[in-house]
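In the UniProt record's numbering, the protein residues as written are 1 to 507.
Idealized CB from N, CA, C, for every residue including glycine.
Predicted, not measured: the structure shown is a model, and the values here were computed from it.
First comes the structure, then the notes that go with it.
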Amino acid sequence: MSTEHQQYSPENQKSAIAAYALDHDIEIVNTYEDDGRSGITLRNRPALVKLLKDVLDQARPFDAVLVYDISRWGRFQDVDESAHHEYLCRQAGVKVIYCAEPFANDGSPASNIIKSIKRAMAGEFSRELSEKVFLGQSRHVERGFWQGSTPGYGLRRMLVDASRQPKGCLRSAEQKSIQTDHIVLVPGPPNEVALVRRIFYWYLHDKLGVGKIAARLNSFGICNSMGRPWTGSAVYGLLKNEKYIGNMLWNRSSKKLHGPFVRNPSARWVRADGAFEPIVDTETFAAAQARLNRNNSKIDAGQALADISRLLHESGRLSLKDIRERLDVPGKSRVRRLIPSLSDMYRQVGYCPAFDMTYVDQRIVAKRAMAEHLAELTSKLEAAGHVVEHDSSFSMLCIDHGLRVKVTVTLGHKEISCLPYAMATRSRRHPADLLLIGLFPRPRLVLQCFYLLPETLLGDSDELMLSPSRVPGVEAFRTTDLSVLLTLCARATIEVCHGSSDRNDYR
């Protein structure tokens with residue numbers, strides 16, 4: 001159905017087809033109707049799909065299909081698609097009759113040419129209509145009218161009339177009922193507005209990442225605009241969206257004529273600056289964007305060293321914390337990808353730290369070696385029928401959606417140190433059932449053994465020295481390979497003891 005043309009309403013089509021059937025002594029035995037459905041693709045057209053299926057059925061109760069006109073097959077962008085549906089009917093011995101077309105569908109050259117032209121016109125009509133709708137929406141955006149659905153946390157949709165006089169806020173899922181009315185965004189409840197500003201404060205002044213901000217909001221029991229727990233990506237989207245400084249961006253992505261989803265270049269975006277009352281000032285928003293975009297810039301190792309050298313001359317010292325907090329130099333993870341050795345980076349910029357930085361680089365080597373062992377273990381577990389989930393660095397394993405194993409490494413002790421040779425560390429952020437620790441004693445950094453122990457062994461402390469004096473019987477948790485983990489994950493069948501009086505008696 002096309003809303004622009006009254007002749008294409010379902011009732012008018014039915015009346016025209018019924019009149020044609022009466023004039024030609026045809027009995028209508030069934031009606032296939034896709035009311036209010038898009039005719040651009042075959043998807044979401046259940047009636048048309050059922051018609052084609054019934055046509056191919058030898059026991060069908062009809063021998064002809066009456067169609068109002070050629071465009072009612074669909075306004076397909078490929079003109080051969082509607083021709084294909086008609087061909088399926090003819091091949092099955094079902095005649096196709098167009099009730100409102102001024103020519104007979106008799107397969108003559110003239111009728112075939114006219115049908116091809118009309119199919120192309122039907123597809124072109126959809127393209128032109130799509131472009132008109134896009135231009136109309138663009139003009140509305142430029143005038144500051146909201147074209148989105150949900151406004152986001154801290155904002156509300158205000159219904160205004162043609163002269164921009166407010167008529168009231170719309171609740172979730174409510175839509176305007178008068179065509180001349182429009183929608184603008186306004187600040188929401190004061191508590192939500194204050195929380196949006198607090199999120200920016202946490203990100204800029206407390207230096208919290210998006211994940212930690214989401215965890216803090218969830219710990220307070222605060223849900224997002226959809227009534228769901230916060231996630232890092234949701235916080236990132238809030239910090240990135242210009243609507244909080246009153247700007248509206250539209251057409252950043254599009255999916256026209258049921259085609260593929262496309263991310264448009266910035267030149268095709270439609271922008272309206274100052275369309276709404278801002279919640280956050282532009283200086284705060286700009287500072288947040290500088291930190292968000294810090295690791296997105298394309299720089300090489302030479303530029304990273306230049307930025308870090310400049311930071312050294314400004315502050316007189318270097319630390320990973322300083323590098324992470326400064327907005328004009330690449331962050332810690334970016335530096336580590338560009339320059340794998342931290343001590344080598346310090347040497348190149350002419351900085352001599354007060355302590356030995358080789359420990360950091362040695363842990364990187366040990367973690368990479370540990371990841372290779374875990375990759376082999378994962379392959380064996382999956383071959384045994386287990387489901388294994390892990391992150392990119394193999395720092396956490398989840399086996400069969402239940403058993404969580406935290407993976408870490410320990411470098412042992414230096415020759416002049418009196419510390420025990422291994423440490424177990426708890427992860428407060430990612431609690432686990434078991435701790436798997438790989439021992440890579442310095443200076444060779446070759447795997448010596450594994451420790452597999454329950455996390456409850458740590459008690460209330462975050463770290464535990466794995467020595468017989470601290471953990472009696474600690475050597476029982478020591479192993480030279482990971483076959484013990486395969487044994488722990490093996491499934492066993494629980495059998496009920498038949499003949500027992502106790503229904504809870506199991507083997």
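Report the partner residues of residue i according to the DSSP bridge assignment.
| i | result |
| --- | --- |
| Arg156 | Val186 |
| His85 | DSSP lists no partner for His85. |
| Trp250 | Val270 |
| Lys367 | Answer is none; Lys367 lacks a bridge partner. |
| Met345 | Looking at the DSSP assignment, Met345 forms no beta bridge with any residue, so it has no partner. |
| His390 | Leu397 |
| Lys255 | Its beta-bridge partners do not exist; DSSP assigns none. |
| Glu192 | Paired residue(s): none; Glu192 is not in a bridge. |
| Met465 | Met423 |
| Arg263 | Ser253 |
Hey, could you find the ends of the beta strand (DSSP E) residue i is sitting in?
| i | result |
| --- | --- |
| Thr425 | Met423 to Thr425 |
| residue 512 | Examination of residue 512 is not possible in this model, given that the chain is present from 1 through 507 alone. |
| Tyr451 | Cys449 to Pro454 |
| Val141 | First-last for Val141: Pro109 to Glu142, but that is the alpha helix (DSSP H), not the beta strand (DSSP E). |
| Val65 | Ala64 to Val67 |
| Leu434 | Leu434 to Leu439 |
| Val484 | Careful: Val484 lies outside any beta strand (DSSP E), inside the alpha helix (DSSP H) at Ser483 to Cys489. |
| Arg171 | Where Arg171 is concerned, there is no enclosing beta strand (DSSP E), given that its DSSP letter is neither H nor E. |
| Thr410 | Leu403 to Thr410 |
Can you tell me whether residue i is helix, strand or coil according to DSSP?
| i | result |
| --- | --- |
| Tyr20 | helix |
| Pro166 | strand |
| Val446 | coil |
| Gln323 | Here the sequence assigns Ile to residue 323, which means Gln is not the residue at that position. Reduced to three states, the DSSP call for Ile323 is helix. |
| Gly232 | helix |
| Tyr506 | Because the pLDDT of Tyr506 is 47, which lies under 50, any placement of that residue in the model is unreliable, and the number read from its coordinates should be weighed accordingly. It is a strand residue. |
| Asn12 | helix |
| Thr41 | coil |
| Cys418 | Because the pLDDT at Cys418 is just 49, under 50, the model does not fix this residue reliably, and the value given afterwards should be weighed accordingly. Looking at Cys418 - three-state DSSP - the assignment turns out to be coil, as it is neither helix nor strand. |
| Thr358 | helix |
| Arg198 | helix |
| Val79 | helix |
| Arg90 | helix |
| Arg72 | helix |
| Leu318 | coil |
| Tyr203 | helix |
| His430 | coil |
| Gly350 | coil |
| Glu4 | For Glu4, the predicted model reports a pLDDT of 47, less than 50, meaning its position is unreliable and no value from the coordinates is stated. |
| residue 519 | What is shown of the chain runs 1 to 507, which leaves residue 519 out entirely. |
| Ile245 | helix |
| Gly459 | coil |
| Thr378 | helix |
| Gly227 | coil |
| Glu27 | coil |
| Gly237 | helix |
Locate the alpha helix (DSSP H) running through residue i, then write down its first and last residues.
| i | result |
| --- | --- |
| Thr150 | Where Thr150 is concerned, there is no enclosing alpha helix (DSSP H), given that its DSSP letter is neither H nor E. |
| Ile308 | Ala301 to Ser315 |
| Glu283 | Thr282 to Leu292 |
| Ser474 | Contrary to the premise, residue 474 reads as Val rather than Ser in this sequence. Element bounds for Val474: n/a, residue is neither H nor E. |
| Val210 | Val210 to Ser219 |
| Val55 | Pro46 to Val55 |
Just confirm the distance between the C-beta atoms of residue i and residue j, as a whole number of angstroms; I'd bet it's less than 8 Å.
| i | j | result |
| --- | --- | --- |
| Val141 | Met248 | 6 Å |
| Arg75 | Gly107 | Not really, about 23 Å apart at Cβ, beyond 8 Å. |
| Ile114 | Phe103 | 6 Å |
| Val474 | Leu466 | 5 Å |
| Ala369 | Phe450 | About 12 Å separates the two Cβ atoms, so there is no contact after all. |
| Leu453 | Ala490 | Rounded, the Cβ-Cβ distance is 19 Å, inconsistent with contact. |
| Asp433 | Leu403 | 6 Å |
| Gly154 | Leu195 | 7 Å |
| Leu381 | Ile399 | 7 Å |
| Ala234 | Ala215 | Their Cβ separation, rounded to whole angstroms, is 12 Å, which puts Ala234 and Ala215 out of contact at 8 Å. |
| Val79 | Ala120 | 5 Å |
| Leu447 | Lys406 | Actually they are not in contact, since the Cβ atoms of Leu447 and Lys406 sit about 18 Å apart, beyond 8 Å. |
| His85 | Leu56 | That pair is no contact at about 12 Å. |
Using a C-beta cutoff of 9 Å, does residue i count as contacting chain C?
| i | result |
| --- | --- |
| Glu131 | The displayed structure is made up of one protein chain only, and chain C is not part of it. |
Legend entry - At least 3 beta-carbon pairs within less than 8 Å: the region 387–395 vs the region 352–361: Output reads no: the region 352–361 does not touch the region 387–395.
Inset, instruction - Tell me, please, whether the region 128–145 touches the region 221–238 by the rule of three or more beta-carbon pairs shorter than 8 Å. - result: The region 221–238 and the region 128–145 do not touch, with fewer than three beta-carbon pairs separated by less than 8 Å.
Inset, instruction - Determine contact between the region 47–54 and the region 30–37, defined as no fewer than three beta-carbon pairs at a distance below 8 Å. - result: Yes: at least three Cβ pairs fall under 8 Å.
Inset, instruction - Give a yes or no on contact between the region 203–212 and the region 163–180, applying the rule of three or more CB pairs nearer than 8 Å. - result: Too few Cβ pairs lie closer than 8 Å, so no.
Inset, instruction - Take every Cβ of the region 404–414, pair it with every Cβ of the region 380–387, and state whether three or more of those distances are shorter than 8 Å. - result: These segments do not touch.
Legend entry - Inter-stretch contact (C-beta, 8 Å, three-pair minimum) for the region 61–74 and the region 89–97: Between the region 61–74 and the region 89–97 there are three or more C-beta pairs closer than 8 Å, enough to call the two in contact.
Legend entry - Meets three-Cβ-pair contact criterion under 8 Å: the region 271–288 and the region 299–307: Segments in contact, no.
Legend entry - At least three beta-carbon pairs within less than 8 Å, the region 161–168 to the region 191–201: Touching, no, given that fewer than three Cβ pairs across the two stretches are closer than 8 Å.
Legend entry - Touching by the beta-carbon criterion (3+ pairs, under 8 Å), the region 237–256 and the region 283–295: Touching, per the Cβ criterion.
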